[in-house]
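Following: one structure in structure tokens, then a few remarks.
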Amino acid sequence: MRKTPVEKKYRRAVVWMRRALRVRDNVALWHAVQDAIEVIPVVCLRGGNAYQAETPRRRYIRAAIADLEGNLRRLGSGLAVRVGDPLREIPASAVEFEADAVYAVNVYDPATQRRDGKIARALQQEGRQLHLVKDCVLFEGKEIVAASGEPYRVYTPYRNALLGSAQEIPRPLPIPVHLATPPLRGKTVPLDRIRGFERTVEEGGESAALRRLRRFLAGPVAAYAQERDLPGRDGTSRLSAPLSHGAISVRTLYWHTVAAKEHAEKQARKSIDLFISELIWREFYYQILANYPHVVGGPFRKEFASLRWRHSGRDFEAWTSGETGYPIVDAAMRQLAGEGWMHNRARMIVASFLTKDLHLNWQEGERHFAEVLIDADIASNNGGWQWTAGTGTDASPWFRIFNPVLQGKKFDPDGSYVRAYVPELRRVPARFIHTPWEMSADDQRSARCVVGRNYPSPIVDHAVERGVTLELYRHPGGVATKKPV
DNA sequence: TGAAATGTTGGGGCG
DNA sequence: ACGCCCCAACATTTC
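Residue numbers (this note's numbering): 235 to 719.
So, in structure tokens, the structure goes:
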């Protein structure tokens, strides 16, 4: 009953597991298994020493890779770990492993695409193929476009087109039953020899992501509509990190969620639709990135290219370290610094604060998020920042300016989010938690929080800076001036 | 996936 | 009893 090797296209293939740290529904792995007799999964880590630094992002990647190694082992496969620049390591591993082809996930940002082109050429020179497969999105490129053939630039029609498309939304692939992998001894670095991996890593990656998804769909998703906007509660799926690293696939997420909808009450179905809408926001921004790659370098809407941003290392530093004097902003930025994750509502608030209260370029915020967030994903990160800055597709109108006090009162009414991340404010009564500077001297003493000493005074006056922003955006080309008298 | 400014309405206090 | 004012509550417009 054994298939004869003759049916296979290749004798041996490397599967580069970038942004696909899983064995279930792994398109590159699946195709490699179809096409080659033997497959060798490879991960490539940049800079060996970097991975011993204890940032949440690196911890997560280590955990996900350790989990991946275990899952592969159960399928009879090893995992080859390469340390260095993929531009060198991927062609080199193909040579060392004598692979006829390399399979990997297609990515959509211009810089990585250029690098992939170089890798493809390097492989080709030795007569090897690079196969890039669609994996991290439901639809890529121009698969979903308007009748005119133009890509969508507005979310709602895009979502309607995606959900109403004649093309079937791709379903998860089965898990390969068995992987034929030759022994890797001597040709790869054992995981536990790589600095940082020698410690026992916390749970992460594919196994944890699946558990998290099941738990979320079994209960919390039903209240998603009400809970997801409250950063003090655990009302979101928290699957952004596994999704961005490919520890879980978007197809698995989508179809498991659709299945949960089948037997849900009416209210819960609305919540589930909202959750699916969030997945489609991600699709939307991937599609924007692929079709309008200039968004990575600046505003989607060119008329805002001439906006004059301030430069202030001090204000930027106050923002990143959570010392702005606005409790909801500081809580969010400290959550980010500590956990490598920030609640989505809070992301909007801090982004509005950076761009419209501090008048700092949204691209500075984008870069910071990209460095610190575990779930950093170029399409969503860029899309989100451009949305807030008002420079993007289907963006928030530029005159929509979040008031950090009102946002705090509205979405963290009891101050539980603030208290969780800003210990100085823990004893401040709820009615002052978002405006501690309004406390009397007595109140400040009894809350053990003297504003200006234990907790910063607001570094800017929101009402004033709002006015400045309106003026700045009104004349994007010109220098900000006061209104003529 | 705002917020502030401005406009309108209606109830209650009051002379 | 009535008009007037105040202002909260809500609606609309503007940024």
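Glycine included, C-beta positions come from ideal geometry on N, C-alpha and C.
None of these values were measured; they are calculated from a predicted model.
query                                                                                                                                                                               : result
My assumption, with CB atoms under 8 Å, is that Asp591 sits in contact with Glu699. Please give the rounded CB distance.                                                            : 4 Å
For Arg245, does the three-state DSSP call read helix, strand or coil?                                                                                                              : strand
In this structure, does DSSP put Ile271 in helix, strand or coil?                                                                                                                   : strand
Is it true that the stretch 383–401 meets the stretch 621–630, where meeting means three or more beta-carbon pairs spaced less than 8 Å apart?                                      : yes
Nearest CA to the CA of Ile635: which residue from Met576, Trp621, Asp648, Pro647?                                                                                                  : Trp621
Counting C-beta neighbours from all protein chains within 10 Å, is the total for Asp259 16 or more, i.e. buried, or is it exposed?                                                  : buried
Taking DSSP as the reference, what is the three-state secondary structure of Met251?                                                                                                : coil
Between the C-alpha atoms of Ala335 and Val248, what's the straight-line distance to the nearest angstrom?                                                                          : 6 Å
Would you be able to state if there are at least three C-beta pairs under 8 Å between the stretch 465–474 and the stretch 576–584?                                                  : yes
If you draw a straight line from the alpha carbon of Pro710 to that of His696, how long is it in whole angstroms?                                                                   : 20 Å
In chain order, what residues of the same chain have a beta carbon less than 8 Å from the beta carbon of Leu640, not counting five sequence neighbours either side?                 : none
Can you check DSSP and say which residues form a bridge with Pro385?                                                                                                                : Val379
Return the bridge partner residues of Tyr337 from the DSSP annotation.                                                                                                              : Val249, His365
Which full runs of the alpha helix (DSSP H) of 4+ residues lie inside the stretch 513–568, going along the chain?                                                                   : 547–555
Opposite Arg316 in the DSSP bridges: which residues?                                                                                                                                : Cys278
Do Gly532 and Phe539 have their beta-carbon atoms positioned less than 8 Å apart in this structure?                                                                                 : A small correction: the amino acid at residue 539 is Ala; Phe does not occupy that position in the sequence shown. Cβ distance < 8 Å, so Ala539 and Gly532 count as in contact.
Please classify Thr434 as buried or exposed, where buried requires at least 16 neighbouring CB atoms within 10 angstroms.                                                           : Unreliable placement is indicated for Thr434, whose pLDDT of 47 sits below 50; no coordinate value is reported for it.
Given this structure, state the Cα-to-Cα distance separating Leu263 from Phe509, to the nearest angstrom.                                                                           : 28 Å
Kindly list the residues whose CB is nearer than 7 Å to the CB of Trp619, restricted to its own chain and excluding five residues on each side of it in sequence; keep chain order. : Ala585, Trp596, Gly599, Glu600
Going by DSSP, what residues sit across from Val685 in a beta bridge?                                                                                                               : Tyr689
State the Cα-Cα distance for the pair Glu272 and Glu241, rounded to the nearest angstrom.                                                                                           : 13 Å
Return the residue from the list Leu255, Ser399, Thr346 that minimises the CA-CA distance to Pro527.                                                                                : Thr346
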